[in-house]
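Heads up: the structure comes next, in structure tokens.
There are 2 protein chains.
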Amino acid sequence: MAKYHASTIDRTFSALADPTRRNVLLRLKDEPGLSVSELARPLSLKLPGMMKHLDVLSDAGLITRSKTGRTVSVKLVAGPMRDAMKWLQRYEQFWTVSIDQLAAFVEKDDEK
Amino acid sequence: MAKYHASTIDRTFSALADPTRRNVLLRLKDEPGLSVSELARPLSLKLPGMMKHLDVLSDAGLITRSKTGRTVSVKLVAGPMRDAMKWLQRYEQFWTVSIDQLAAFVEKDDEK
Chain Y
1 MAKYHASTID
11 RTFSALADPT
21 RRNVLLRLKD
31 EPGLSVSELA
41 RPLSLKLPGM
51 MKHLDVLSDA
61 GLITRSKTGR
71 TVSVKLVAGP
81 MRDAMKWLQR
91 YEQFWTVSID
101 QLAAFVEKDD
111 EK
Chain Z
1 MAKYHASTID
11 RTFSALADPT
21 RRNVLLRLKD
31 EPGLSVSELA
41 RPLSLKLPGM
51 MKHLDVLSDA
61 GLITRSKTGR
71 TVSVKLVAGP
81 MRDAMKWLQR
91 YEQFWTVSID
101 QLAAFVEKDD
111 EK
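Quick look at the structure:
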């Protein structure tokens, strides 16, 4: 098999497959610029553990980190999530009832 | 740290993080009931390799398999993808311009 390089969307889905990383993304959504220790605190995670998760999110292009003095602040980058959502939207037909289906259903019901 | 059991959404995102598995889901979308060998053929994958990918998809609740004689046919189950999409939709605000923002932009432009 050919050597496999993870594509952007592979890395996005892979980064999202962990509850700690999803928690980080959810917190950054409402509180942009949180520091690494602020992100780690409510999860009772040690800093090295949090740094590993942030590396995965950063490799997937889902966050940026910037350092001011001794504080690293983290910001969300939502673009890759858009692509992941678009991939999933192809399946919307499976859980959405179309207007035509609904009309057919109502007409059938009227015939009773 | 508490022992970690992968939740459904963890397994969904993890299953989607591989191009072979996404290819399987895309093919099943248009051709429900394809056999394991029909799924493996265009990818030049041997059956055991394909079976491993199908196990991951099945554990994530994204496919069902049924056996008729010697043929295993595979069907898509889209439900878990709906939950994954809903998770991602929380971030829509980051790539969608709201009507208010648009109106403010137009008004500002008019003032020039």
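First to last, the protein sequences are chains Y and Z.
Counting along the first sequence from 1, when you hit position 76 you're at 76 in my numbering, and nothing is skipped either side.
Counting along the second sequence from 1, when you hit position 46 you're at 46 in my numbering, and nothing is skipped either side.
Each residue gets a CB set at the ideal place from its N, CA and C atoms; glycine is no exception.
Chain Y within 8 Å of residue i, Cβ atoms only
i: residue 3 of chain Z; result: Low confidence applies to residue 3 of chain Z: its pLDDT is 44, below 50, so where it sits in the model is not reliable, and the reading given next is rough at best. Not one chain Y Cβ lies under 8 Å of residue 3 of chain Z.
i: residue 55 of chain Z; result: no
i: residue 28 of chain Z; result: no
i: residue 19 of chain Z; result: yes
i: residue 58 of chain Z; result: no
Span separating the alpha-carbon of residue i from that of residue j
i: residue 8 of chain Y; j: residue 80 of chain Y; result: 8 Å
i: residue 95 of chain Z; j: residue 103 of chain Z; result: 17 Å
i: residue 82 of chain Z; j: residue 76 of chain Y; result: 23 Å
i: residue 73 of chain Z; j: residue 49 of chain Z; result: 16 Å
i: residue 71 of chain Y; j: residue 58 of chain Z; result: 44 Å
i: residue 56 of chain Y; j: residue 31 of chain Z; result: 35 Å
i: residue 52 of chain Y; j: residue 45 of chain Y; result: 11 Å
Per-residue burial, residue i [other beta carbons within 10 Å of its own, 16 or more giving buried]
i: residue 3 of chain Y; result: Annotation note: pLDDT 44 at residue 3 of chain Y (below 50); position unreliable, coordinate value reported separately. Residue 3 of chain Y should be labelled exposed.
i: residue 105 of chain Y; result: exposed
i: residue 20 of chain Z; result: buried
i: residue 66 of chain Y; result: exposed
i: residue 14 of chain Y; result: buried
i: residue 12 of chain Y; result: buried
Contact with chain Z by residue i, beta-carbon distance below 8 Å
i: residue 10 of chain Y; result: yes
i: residue 37 of chain Y; result: no
Rounded distance between the beta-carbons of residue j and residue i, thought under 8 Å
i: residue 34 of chain Y; j: residue 62 of chain Y; result: With 8 Å as the limit, residue 34 of chain Y and residue 62 of chain Y do not qualify as a contact, their Cβ atoms being about 14 Å apart.
i: residue 16 of chain Y; j: residue 22 of chain Y; result: 6 Å
heavy atom of the ligand COA below 7 Å from residue i C-beta
i: residue 28 of chain Z; result: No copy of the ligand COA occurs in the structure displayed, which carries no ligand at all.
Can you check the segment 21–86 of chain Z for any beta strand (DSSP E) of at least 3 residues that lies completely inside it and give the ranges in chain order? 63–68, 71–76
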